[in-house]
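J.: My questions will all concern the structure given below.
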Amino acid sequence: MNFKFTEKDISILKVVSQVSGGFAFIVAMTMIFSLVQLKIVNPLDNPVLLSVKEQYDKDPSNAAKAEQVRAMDLMARKAYFSSRWQVETGSYLLIAGVIIFIICQRLISENEKLNPVFSDAKPDLSLRREKNRRYLVSTMIIVFITAITASFFLRANLPDISGKAPESSKNMESSNEKSAKPDKTNWPFFRGQDSRGIAGGTGYPTEWDAAAGKNISWKIELPKKGKSSPVIWDDKIFLTGAQEKICEVYCIDKKTGKILWTGSASDITGEPAILPKMDQEAGLAVSTVATNGSEVCAIFANGNLACFDMDGKRKWAKNIGVPESSYGYASSLLIYKDILLVQFDSNIKISLIGFDVKTGDQKWETLRQGHAVWSSPVLANFAGKSELIINGNPAVSGYDPLTGKELWEVECMSGDVAPSVAVNSTMTYAVTDYAKLVAIKPGTGVSIVWQDNTYTPDVSSPVATDQFLFVSTGNGDVACYNAIKGDTLWTHYFQNPFYASPLIADDMVYLLDRTGVMHIVKAGSSFKLIAESPLGESADCSPAFSDKKIYIRGKKNLYCISKN
Numbered sequence: 105m106n107f108k109f110t111e112k113d114i115s116i117l118k119v120v121s122q123v124s125g126g127f128a129f130i131v132a133m134t135m136i137f138s139l140v141q142l143k144i145v146n147p148l149d150n151p152v153l154l155s156v157k158e159q160y161d162k163d164p165s166n167a168a169k170a171e172q173v174r175a176m177d178l179m180a181r182k183a184y185f186s187s188r189w190q191v192e193t194g195s196y197l198l199i200a201g202v203i204i205f206i207i208c209q210r211l212i213s214e215n216e217k218l219n220p221v222f223s224d225a226k227p228d229l230s231l232r233r234e235k236n237r238r239y240l241v242s243t244m245i246i247v248f249i250t251a252i253t254a255s256f257f258l259r260a261n262l263p264d265i266s267g268k269a270p271e272s273s274k275n276m277e278s279s280n281e282k283s284a285k286p287d288k289t290n291w292p293f294f295r296g297q298d299s300r301g302i303a304g305g306t307g308y309p310t311e312w313d314a315a316a317g318k319n320i321s322w323k324i325e326l327p328k329k330g331k332s333s334p335v336i337w338d339d340k341i342f343l344t345g346a347q348e349k350i351c352e353v354y355c356i357d358k359k360t361g362k363i364l365w366t367g368s369a370s371d372i373t374g375e376p377a378i379l380p381k382m383d384q385e386a387g388l389a390v391s392t393v394a395t396n397g398s399e400v401c402a403i404f405a406n407g408n409l410a411c412f413d414m415d416g417k418r419k420w421a422k423n424i425g426v427p428e429s430s431y432g433y434a435s436s437l438l439i440y441k442d443i444l445l446v447q448f449d450s451n452i453k454i455s456l457i458g459f460d461v462k463t464g465d466q467k468w469e470t471l472r473q474g475h476a477v478w479s480s481p482v483l484a485n486f487a488g489k490s491e492l493i494i495n496g497n498p499a500v501s502g503y504d505p506l507t508g509k510e511l512w513e514v515e516c517m518s519g520d521v522a523p524s525v526a527v528n529s530t531m532t533y534a535v536t537d538y539a540k541l542v543a544i545k546p547g548t549g550v551s552i553v554w555q556d557n558t559y560t561p562d563v564s565s566p567v568a569t570d571q572f573l574f575v576s577t578g579n580g581d582v583a584c585y586n587a588i589k590g591d592t593l594w595t596h597y598f599q600n601p602f603y604a605s606p607l608i609a610d611d612m613v614y615l616l617d618r619t620g621v622m623h624i625v626k627a628g629s630s631f632k633l634i635a636e637s638p639l640g641e642s643a644d645c646s647p648a649f650s651d652k653k654i655y656i657r658g659k660k661n662l663y664c665i666s667k668n
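Per our numbering, the sequence shown starts with residue 105, numbered consecutively.
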């Protein structure tokens, strides 16, 4: 279809064409520059920032230096995300500019074809203009294609910004061949199903006061001290306790708080005569037990590993060697199908060991590289395949939970690593204090998607959904990140430190500080405090959620909290 324009119209079209062409060229060059910057420049490797961080590491109590590190890191991250935003949004602006440019050029060209060339006109003038126009259009097309290609090349190395889980996740299965959706009753490991920190079910309480008896269904004093968190199967709660060399496993009625049985994990062949080096406050009973509904397995800091049936009969027990390290042993157990998974970390050896959960026979052992850590393994499911992930030093690693074969690793951690990883349907998040928080795209071609070093917990493990990542620190800070892009969505300072890990239940994040106060906030992109409920005693253990009730281990007592 041909349009007839006046000379004034053509002049306007030429101006619009020039403006749109110039705009598209500027956008394209900005995108290319941003791409190069993102690929070459790491904002956290800034020499000035690294120098200040080294000074802070030498004097961690220097508040002014800490604030300087935070401010400089924030500036570096803002520059990084600004460059990434330019690439992510620039392609759409570039397409719009080029489309307008091409349309204007087409209309100008069509109109010139309709106008006859008179014999007294210079014949080569229009040809020269047409030739120049073609050069200009060709140049714009080349720049356009280069910028778009660069944009999508970068996007291939960035997480999907749609926030949607892949379709294969609809058919994912958990470690017990069930739906990945958390069970509303069973809380089988440290931090629940697959050790992910996500509770099933709804209707959990948000307000209680142990001193006043408000919403406290029952409370019992535990026989021996420990830092292991409660796990639950059906109507039974399992915990460990220890005193000097005596190691015990407790089974407690979930409804009444009555201790149903006590299993001994002491006097096992190979048990050391002298207690290993450990945190005196924590003792031998730090690691959380694991259960699959048939067996209950527990490990202690002296290397004693014991398995009981659900009625308290000891099925097998062995000492696997003393996992002695600076602070004692702290890694919790997992069960995948019929394999009991033990993360063994000591000053002498670090490994991942698989035992037959029914017999105790060792099936395999995979030696790991690096230094001893105090994190616990986590089960994840990526693209329908189960992986066991360990936050180590220096590498975060993924393993086949059936065979122990290492699937991938990425070196990104340092120092005393205690937090376990957080996972969602596509990503893994690892962190430790005085180091950094790292978002990892696992699998073949494993890569770091984003990182930050502003909010780094020393003990507490992060928790993630497909949209959000939550961390709580030993300084009392809580931060919510965009799980995909790494943007800090909100932060809040609660004053008291956190050792217990944040847990998500009923679209809320439950944050238990060391004084025993539970801070409950909305699991969303903006900060909304729902309630703050006191336990009445200090608490470092992560709670368990089951059938609309919350179970919290304090320093001396175990509490059952219910809405009524």
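Ideal placement from N, C-alpha and C gives every residue a C-beta, glycine not left out.
Give the straight-line distance between the Cα atoms of P606 and P566, rounded to the nearest whole angstrom.
T.: If you number the sequence shown from 1, residue 606 lands on position 502. If you number the sequence shown from 1, residue 566 lands on position 462. Cα to Cα, the separation comes out at about 7 angstroms.
J.: Quick one: Cα of F649 to Cα of G296, how far?
T.: Residue numbering aside, residue 649 sits at position 545 when the sequence shown is read from its first letter. Residue numbering aside, residue 296 sits at position 192 when the sequence shown is read from its first letter. Straight-line Cα distance between these residues: approximately 8 angstroms.
J.: Under 8 angstroms between C-beta atoms, does K626 make it to chain B?
T.: Any reference to chain B falls outside this structure, which holds one protein chain only.
J.: Among I439, M531, Y308, L388, which residue has its Cα nearest to the Cα of V550?
T.: Here residue 550 refers to the residue found at position 446 when the sequence shown is read from its first residue. Of the candidates I439, M531, Y308, L388, the one whose C-alpha sits nearest the C-alpha of V550 is M531.
J.: Taking one C-beta from the stretch 363-376 and one from the stretch 619-637 each time, how about it: are there three or more such pairs within less than 8 angstroms?
T.: no
J.: Roughly how many angstroms separate the alpha carbons of K615 and M622, rounded to a whole number?
T.: Residue 615 sits at position 511 when you count from the first residue of the sequence shown. Residue 622 sits at position 518 when you count from the first residue of the sequence shown. Reading off the sequence, residue 615 comes out as Leu, not Lys. Rounded to the nearest angstrom, the two C-alpha atoms are 5 angstroms apart.
J.: The beta strand (DSSP E) that contains H623, what's its start and end?
T.: Within the sequence shown, residue 623 is the residue found at index 519, counting from 1. Unbroken beta strand (DSSP E) run through H623: 621-626.
J.: Do you know how far the Cα of S646 is from the Cα of A303?
T.: Sequence index remark: in the sequence shown, residue 303 carries index 199 (1-based). Sequence index remark: in the sequence shown, residue 646 carries index 542 (1-based). Distance between the alpha carbons of A303 and S646: 12 angstroms.
J.: Count the other CB atoms within 10 Å of the CB of R299; is the residue buried (16 or more) or exposed (fewer)?
T.: Counting from 1 along the sequence shown, the entry for residue 299 is found at position 195. With the sequence shown as reference, residue 299 is identified as Ser, and Arg is not the correct amino acid for it. Looking at its Cβ environment, which holds 16 or more other Cβ atoms inside 10 Å, S299 is buried.
J.: For the beta strand (DSSP E) holding R657, just list the boundary residues, first then last.
T.: For the purposes of this step, residue 657 is identified with residue 553 of the sequence shown, where counting begins at 1. It spans 653-657 - the beta strand (DSSP E) in which R657 sits, taken as one unbroken run.
J.: Taking all protein chains shown into account, do 16 or more other C-beta atoms lie within 10 angstroms of the C-beta of V119, making it buried, or fewer, making it exposed?
T.: Taking the first residue of the sequence shown as position 1, residue 119 is located at position 15. It is exposed - the Cβ of V119 has fewer than 16 other Cβ atoms within 10 Å.
J.: Would you please state the rounded distance, in angstroms, between the beta carbons of L388 and C351? I believe it to be under 8 angstroms.
T.: Taking the sequence shown and counting its residues from 1, one reaches residue 388 at position 284. Taking the sequence shown and counting its residues from 1, one reaches residue 351 at position 247. Rounded, the Cβ-Cβ distance is 6 angstroms, consistent with contact.
J.: How far does the beta strand (DSSP E) with T470 in it reach, from first residue to last?
T.: Counted from its first residue, the sequence shown places residue 470 at position 366. Residue range 466-471 is occupied by the beta strand (DSSP E) that includes T470.
J.: For Q555, is the classification buried or exposed, using 16 other Cβ atoms within 10 angstroms of its Cβ as the cut-off for buried?
T.: As a working mapping, residue 555 is identified with position 451 in the sequence shown. The C-beta of Q555 has 16 or more other C-beta atoms within 10 Å across all chains shown, which makes the residue buried.
J.: According to DSSP, simplified to helix, strand and coil, what is A128?
T.: Here residue 128 refers to the residue found at position 24 of the sequence shown. Three-state DSSP puts A128 in a helix.
J.: Can you give me the Cβ contacts of V613 inside the same chain, cut-off strictly under 6 angstroms, excluding the 5 residues immediately before and after it?
T.: Reading the sequence shown from its first residue, position 509 is the one you call residue 613. Around V613: F574, P606, V625, A627.
J.: If you draw a straight line from the alpha carbon of C208 to that of E214, how long is it in whole angstroms?
T.: On the sequence shown, position 104 is the one that residue 208 refers to. On the sequence shown, position 110 is the one that residue 214 refers to. Cα to Cα, C208 sits roughly 10 angstroms from E214.
J.: Is the beta carbon of A394 less than 8 angstroms from the beta carbon of L364?
T.: Locating residue 394 in the sequence shown gives position 290, where the first residue counts as 1. Locating residue 364 in the sequence shown gives position 260, where the first residue counts as 1. Against a cut-off of 8 angstroms, the Cβ pair of L364 and A394 comes out as no contact.
J.: What beta strand (DSSP E) runs, 3 residues minimum, are completely inside the stretch 353-440?
T.: 363-368, 399-403, 408-413, 418-423, 438-440
J.: Within this structure, are the beta carbons of P523 and L445 separated by less than 8 angstroms?
T.: Locating residue 523 in the sequence shown gives position 419, counting from the first residue. Locating residue 445 in the sequence shown gives position 341, counting from the first residue. 8 angstroms or more divides the Cβ of P523 from the Cβ of L445.
J.: In three-state DSSP terms, what is K545?
T.: Along the sequence shown, read from residue 1 onward, the residue named residue 545 stands at position 441. DSSP places K545 in strand when its eight states are reduced to three.
J.: Can you tell me whether DSSP reads P151 as helix, strand or coil?
T.: What you label residue 151 is simply residue 47 of the sequence shown in a count that begins at 1. Secondary structure of P151 (DSSP, three-state): helix.
J.: Name the residue from S630, G345, A587 whose alpha carbon lies nearest to the alpha carbon of F404.
T.: In the sequence shown, counting from the first residue as 1, residue 404 sits at position 300. Checking every option, the nearest Cα to that of F404 belongs to G345.
J.: Taking its Cβ as the centre, do 16 or more other Cβ atoms sit within 10 Å of I588, making it buried, or is it exposed?
T.: Taking the sequence shown and counting its residues from 1, the one referred to as residue 588 is at position 484. Counting Cβ neighbours within 10 Å, I588 comes out buried, since at least 16 surround it.
J.: Do the CB positions of F659 and A635 come within less than 8 angstroms of each other?
T.: Here residue 659 refers to the residue found at position 555 when the sequence shown is read from its first residue. Here residue 635 refers to the residue found at position 531 when the sequence shown is read from its first residue. Per the sequence presented here, residue 659 reads as Lys, with Phe not at that position. No, they are not a contact pair.
J.: Would you mind working out which of P309, S501, C516, V563 sits nearest L483, comparing C-alpha positions?
T.: Locating residue 483 in the sequence shown gives position 379, counting from the first residue. Checked all of P309, S501, C516, V563; the closest Cα to L483 is S501.
J.: Between which two residues does the beta strand (DSSP E) containing Q297 stretch?
T.: Sequence index remark: in the sequence shown, residue 297 carries index 193 (1-based). Careful: Q297 lies outside any beta strand (DSSP E) and carries neither H nor E.
J.: Can you name the start and end residues of the beta strand (DSSP E) that P638 belongs to?
T.: Stepping through the sequence shown from its first residue, residue 638 is reached at position 534. Judged by DSSP secondary structure, P638 falls within the beta strand (DSSP E) whose first and last residues are 633-638.
J.: Roughly how many angstroms lie between the CA atoms of S266 and V202, to the nearest whole one?
T.: Residue mapping note: residue 266 aligns to position 162 of the sequence shown, counting from 1. Residue mapping note: residue 202 aligns to position 98 of the sequence shown, counting from 1. Confidence at S266 is low in this model, with a pLDDT of 34, below 50, so the placement of that residue should be treated as unreliable; the coordinate-derived value is given next. So the alpha carbons of these two residues sit roughly 26 angstroms apart.
J.: For E428, count neighbouring C-beta atoms within 10 Å of its own C-beta (all shown protein chains included) and say buried if the count is 16 or more, exposed if not.
T.: If you number the sequence shown from 1, residue 428 lands on position 324. Buried is the call here.
J.: Name the two residues that bound the continuous beta strand (DSSP E) containing T306.
T.: Position 202 of the sequence shown, counted from the first residue, corresponds to residue 306. Neither: T306 is in no beta strand (DSSP E) and is coded neither H nor E.
J.: Taking three-plus beta-carbon pairs below 8 angstroms as touching, is the stretch 536-550 in contact with the stretch 319-335?
T.: no
J.: Classify I608: buried if its beta carbon has 16 or more other beta carbons within 10 angstroms, exposed otherwise.
T.: Locating residue 608 in the sequence shown gives position 504, counting from the first residue. Buried.
J.: Mind checking whether P309 and K667 have CB atoms under 8 angstroms apart?
T.: Counted from its first residue, the sequence shown places residue 309 at position 205. Counted from its first residue, the sequence shown places residue 667 at position 563. It is a contact, given that the beta carbons lie within the stated cut-off.
J.: What is the rounded straight-line gap between the Cα of F294 and the Cα of Q159?
T.: As a working note, residue 294 is residue 190 in the sequence shown. As a working note, residue 159 is residue 55 in the sequence shown. When rounded, the distance between both Cα atoms is 37 angstroms.
J.: State the beta-bridge partners of C351 as determined by DSSP.
T.: As a first step, residue 351 must be located in the sequence shown, where it is residue number 247. DSSP lists A346 as partners of C351.
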